[in-house]
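Q: I'd like to ask some things about the structure below.
There are 2 protein chains.
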Amino acid sequence: MAIDTRERLVNAASRLFRRQGLAGTGIKQILSEANAQFSSLYHYFPGGKDELAADVIRASGLHYQELVEAVWDAAPDVVAGLNDIFKGAASVLEATDYADACPIATVALEVASTNEPLRAATAEVFDAWTDRGTARFASAGIGAAEARRLTLAVIALLEGAFILCRATRSTEPMVSAGEAAVAVVRRAFGSLEADPNAAARTLSTERC
Amino acid sequence: MAIDTRERLVNAASRLFRRQGLAGTGIKQILSEANAQFSSLYHYFPGGKDELAADVIRASGLHYQELVEAVWDAAPDVVAGLNDIFKGAASVLEATDYADACPIATVALEVASTNEPLRAATAEVFDAWTDRGTARFASAGIGAAEARRLTLAVIALLEGAFILCRATRSTEPMVSAGEAAVAVVRRAFGSLEADPNAAARTLSTERC
DNA sequence: GTCTATAAACCGATAGAC
DNA sequence: GTCTATCGGTTTATAGAC
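Residue numbers (the numbering used here), protein chains in the order written: chain U, 1 to 208; chain P, 1 to 208.
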């Protein structure tokens, strides 16, 4: 039960931070939602709110990465998986009244110029996502440098679409972003070989 | 001098909101940076912080739109202008130590699920940007529906790249996002006509 | 580890003199 | 319109009993 308290704190804070941001979420609200006490928070996180936030950023960043990778793994090929990721993001947005998007984006913008340790934590998360995406594209046959460029563009499309969707309460930007992501990645696969048949074979089982 | 006070308040708040967010910026800090008094703020904005924030969102959103459109107008064609916009964003990020990015993104994420009037204000800004971009692509010969999809993808790329760049303190994501933006838009121009020579003519004067 | 009580600072907002 | 003083509430964080 003691260990549970720490987990409940992280989960509650994660849920609140991504909806209200870091500065917009009070410790009392976190404690209330986690059914925990002041003493528990400062017992597990002697550094207070910032130490909790650093843990939340790393934990929710990794959790979201695993979620996305699971969707990607379930797809028949890289491009189809990419399509599923954007479609899934749109579904979650609709299902949660545009509350659940990127778990760290709001906090990342808040701390980028105000809290160096937390900024570094968000950078670690984005770097990990970038490395994993790059490896995935590379293992599908795209050169390392191009794979990294593609990954950065795809993450940017996803993050930017989250902002537009949440602000306008519409999934339309996520749909357009997904189409663009598929287009740029498909283009990279297409230019892999001069022979268009070879490229077609690589993508032969894709869904979309 | 009285009118100046209102303008100083909006400018100071705009500068602070985009760096620290809405919840992370106190009224006293705004007053201090604007060299203004409590009474001035509540004189010009009887609704307090929220009314000031609504004004800041609309003003800075419009200002950024005009800035981007000026860059776009100065370019020889649509694709070259797009390239200039992303290159310019990267330059500003570097010049400001990754502080000056989108003027409303941080606030937009903060208020999306917590403050309906301010969320609506951010939606108005993004809708205006979307309409202007759509009109620009459409006047360059792309169909209205496709022009809108392209615009949403381009704005998402820019906004997402801002997050990644600020978090990682690197312009690399903005460069990759710019390349992707150019690629998807060029692709739309390329499929305008089956005749590749005609498409080449359309883009013949582009820089990049 | 958990609980209660509280410190010390800061928050947005307002009152009233001038 | 501007200034000073302050209200009432909330913030993060800590102290000390159990």
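Glycine included, every Cβ here is placed at the ideal spot set by N, Cα and C.
These numbers come from a predicted model, not from an experiment.
Starting from the C-beta of U:V175, find all residues in its chain whose C-beta is less than 7 Å away, skip the five residues before and the five after it, and write them out in chain order.
A: As a working mapping, residue 175 of chain U is identified with position 175 in the first sequence. Excluding sequence neighbours, U:V175 sits near A90.
Q: What first and last residue would you give for the alpha helix (DSSP H) that runs through P:Q65?
A: Indexing the second sequence from 1 puts residue 65 of chain P at position 65. P:Q65 -> alpha helix (DSSP H) spans 49–74.
Q: Can you check the segment 108–164 of chain U for any alpha helix (DSSP H) of at least 4 residues that lies completely inside it and give the ranges in chain order?
A: Taking only runs of at least 4 residues, the alpha helix (DSSP H) segments lying wholly in the segment 108–164 of chain U are 116–139.
Q: Mark U:S191 as exposed unless 16 or more other C-beta atoms lie within 10 angstroms of its C-beta, in which case mark it buried.
A: Start at 1 with the first residue of the first sequence, and residue 191 of chain U comes out as number 191. By the neighbour-count rule (16 or more Cβ atoms within 10 Å), U:S191 is not buried but exposed.
Q: Check the Cβ of U:A140 against every Cβ in chain P and list those closer than 9 Å, keeping chain order.
A: Here residue 140 of chain U refers to the residue found at position 140 of the first sequence. Chain P residues near U:A140: none, gap ~17 Å exceeds 9 Å.
Q: What residues in its chain sit with their C-beta under 6 Å from that of P:V107, if we drop five residues either side in the sequence?
A: For the purposes of this step, residue 107 of chain P is taken as residue 107 along the second sequence, with counting starting at 1. Once the five neighbours on either side are set aside, the close Cβ partners of P:V107 are F17, L22.
Q: Cα separation between P:Y98 and P:G160?
A: By 1-based counting over the second sequence, the position of residue 98 of chain P is 98. By 1-based counting over the second sequence, the position of residue 160 of chain P is 160. So the alpha carbons of these two residues sit roughly 14 Å apart.
Q: Output yes if chain P places a C-beta closer than 8 Å to the C-beta of U:A59; else output no.
A: As a working note, residue 59 of chain U is residue 59 in the first sequence. So no, U:A59 is outside the interface.
Q: So U:V182 contacts chain P; which residues on that side make the cut at Cβ distance below 7 Å?
A: For the purposes of this step, residue 182 of chain U is taken as residue 182 along the first sequence, with counting starting at 1. Those within 7 Å of U:V182 in chain P number zero; the least Cβ separation is about 10 Å.
Q: Residues of chain P with CB under 8 Å from U:Q65, in chain order?
A: Mapped onto the first sequence, residue 65 of chain U falls at position 65. Simply none; closest approach about 15 Å.
Q: Does the CB of P:F86 have a neighbour CB from chain U at under 8 Å?
A: The residue labelled residue 86 of chain P in the question sits at position 86 within the second sequence. It does not; no Cβ of chain U falls within 8 Å.
Q: Starting from the Cα of U:G133, find the closest Cα among U:S113, U:R169, U:E66, U:P76 and give me that residue.
A: Taking the first residue of the first sequence as 1, we reach residue 133 of chain U at position 133. Nearest of U:S113, U:R169, U:E66, U:P76 to U:G133, Cα basis: U:E66.
Q: Would U:V125 and U:I155 be called neighbours here (beta carbons separated by less than 8 Å)?
A: Numbered from its first residue, the first sequence carries residue 125 of chain U at position 125. Numbered from its first residue, the first sequence carries residue 155 of chain U at position 155. Result no, Cβ atoms of U:V125 and U:I155 do not sit closer than 8 Å.
Q: Take U:L62 as the anchor and find which of U:D127, U:C165, U:S32 has the nearest alpha-carbon.
A: By 1-based counting over the first sequence, the position of residue 62 of chain U is 62. Answer by Cα proximity: U:D127.
Q: Taking the alpha carbon of U:A59 as the point to measure from, which residue in U:L93, U:A70, U:V10, U:D50 has its own alpha carbon closest?
A: Here residue 59 of chain U corresponds to residue number 59 of the first sequence, with the count starting at 1. Per the Cα distances, U:V10.
Q: Secondary structure at P:L41, three-state DSSP: helix, strand or coil?
A: Numbered from 1 along the second sequence, position 41 holds the residue referred to as residue 41 of chain P. Helix, per DSSP.
Q: Establish whether the CB of P:I155 and some CB of chain U are separated by less than 8 Å.
A: Numbered from 1 along the second sequence, position 155 holds the residue referred to as residue 155 of chain P. By this cut-off, P:I155 is an interface position.
Q: Go ahead and label P:S170 buried or exposed: buried means 16 or more other beta carbons lie within 10 angstroms of its beta carbon, across all protein chains shown.
A: Numbered from its first residue, the second sequence carries residue 170 of chain P at position 170. By the 10 Å Cβ count, P:S170 comes out buried.
Q: Which residues in chain U have a C-beta closer than 7 Å to the C-beta of P:T122? List them in chain order.
A: The sequence position of residue 122 of chain P within the second sequence is 122, counting from 1. Per Cβ cutoff of 7 Å: A167.
Q: I think U:D100 touches U:V92, with their Cβ atoms under 8 Å apart; what is that distance to the nearest whole Å?
A: Stepping through the first sequence from its first residue, residue 100 of chain U is reached at position 100. Stepping through the first sequence from its first residue, residue 92 of chain U is reached at position 92. Indeed, because the Cβ distance is near 5 Å, the residues count as touching under 8 Å.
Q: Give me the Cα-Cα distance between P:L109 and U:E110, rounded to the nearest whole angstrom.
A: Here residue 109 of chain P refers to the residue found at position 109 when the second sequence is read from its first residue. Here residue 110 of chain U refers to the residue found at position 110 when the first sequence is read from its first residue. So the two alpha carbons sit approximately 10 Å from each other.
Q: Tell me whether P:D97 sits in a helix, a strand or coil according to DSSP, three-state version.
A: Working through the second sequence from its first residue, we reach residue 97 of chain P at position 97. The answer is coil: DSSP assigns P:D97 none of H, G, I, E or B.
Q: Since I believe P:S113 is in contact with U:R19 (beta carbons under 8 Å), could you give me their beta-carbon distance rounded to a whole number of angstroms?
A: Indexing the first sequence from 1 puts residue 19 of chain U at position 19. Indexing the second sequence from 1 puts residue 113 of chain P at position 113. Correct: roughly 5 Å between the Cβ atoms.
Q: If you check the beta carbons only, do U:F86 and U:G178 fall under 8 Å apart?
A: Taking the first residue of the first sequence as position 1, residue 86 of chain U is located at position 86. Taking the first residue of the first sequence as position 1, residue 178 of chain U is located at position 178. Yes, the Cβ-Cβ distance between U:F86 and U:G178 is below 8 Å.
Q: Could you please give the first and the last residue of the uninterrupted alpha helix (DSSP H) stretch that includes U:P173?
A: Translated into positions along the first sequence, residue 173 of chain U becomes position 173. Segment 172–190, the alpha helix (DSSP H) holding U:P173.
Q: Find the residues of chain U that neighbour P:Q29, judging by a C-beta separation of less than 9 Å, and give them in chain order.
A: Residue 29 of chain P sits at position 29 when you count from the first residue of the second sequence. Ordered by position in chain U, no residue passes the 9 Å Cβ test against P:Q29, which lies about 12 Å from the chain.
Q: Can you pull out the residues from the segment 74–106 of chain P whose beta carbon lies closer than 7 Å to at least one beta carbon of chain U?
A: Within the segment 74–106 of chain P, the residues whose Cβ lies closer than 7 Å to some Cβ of chain U are Y98, A99, A105, T106, listed in chain order.
Q: Does the beta carbon of P:G24 sit closer than 8 Å to a beta carbon anywhere in chain U?
A: Your numbering for residue 24 of chain P matches position 24 in the second sequence. Yes, its Cβ sits closer than 8 Å to a Cβ of chain U.
Q: If you check the beta carbons only, do U:L118 and U:A34 fall under 8 Å apart?
A: As a first step, residue 118 of chain U must be located in the first sequence, where it is residue number 118. As a first step, residue 34 of chain U must be located in the first sequence, where it is residue number 34. It is not a contact, given that the beta carbons lie outside the stated cut-off.
Q: Got a sec? Which residues, its chain only, sit under 8 Å from U:D50 by beta carbon, not counting five neighbours each side?
A: Sequence index remark: in the first sequence, residue 50 of chain U carries index 50 (1-based). N115, P117, L118.
Q: I'd like the span of the alpha helix (DSSP H) that includes P:L31, first residue to last.
A: For this step, residue 31 of chain P is matched to residue 31 along the second sequence. Note, P:L31: alpha helix (DSSP H), 27–34.
Q: For P:Q37, go through chain U and note every residue whose CB falls closer than 7 Å to its CB, in chain order.
A: For this step, residue 37 of chain P is matched to residue 37 along the second sequence. By Cβ distance, chain U contributes nothing, its closest Cβ being about 24 Å from P:Q37, past 7 Å.
Q: Based on Cα-Cα distance, which residue from U:S40, U:V185, U:V68, U:R149 lies nearest to U:R6?
A: Here residue 6 of chain U refers to the residue found at position 6 of the first sequence. When only C-alpha atoms are compared, the closest one is U:S40.
Q: By Cβ distance, which residues of its chain are closer than 7 Å to U:G81, with the 5 residues on each side in sequence left out?
A: Position 81 of the first sequence, counted from the first residue, corresponds to residue 81 of chain U. These residues qualify, in order along the chain: V71, W72, A75.
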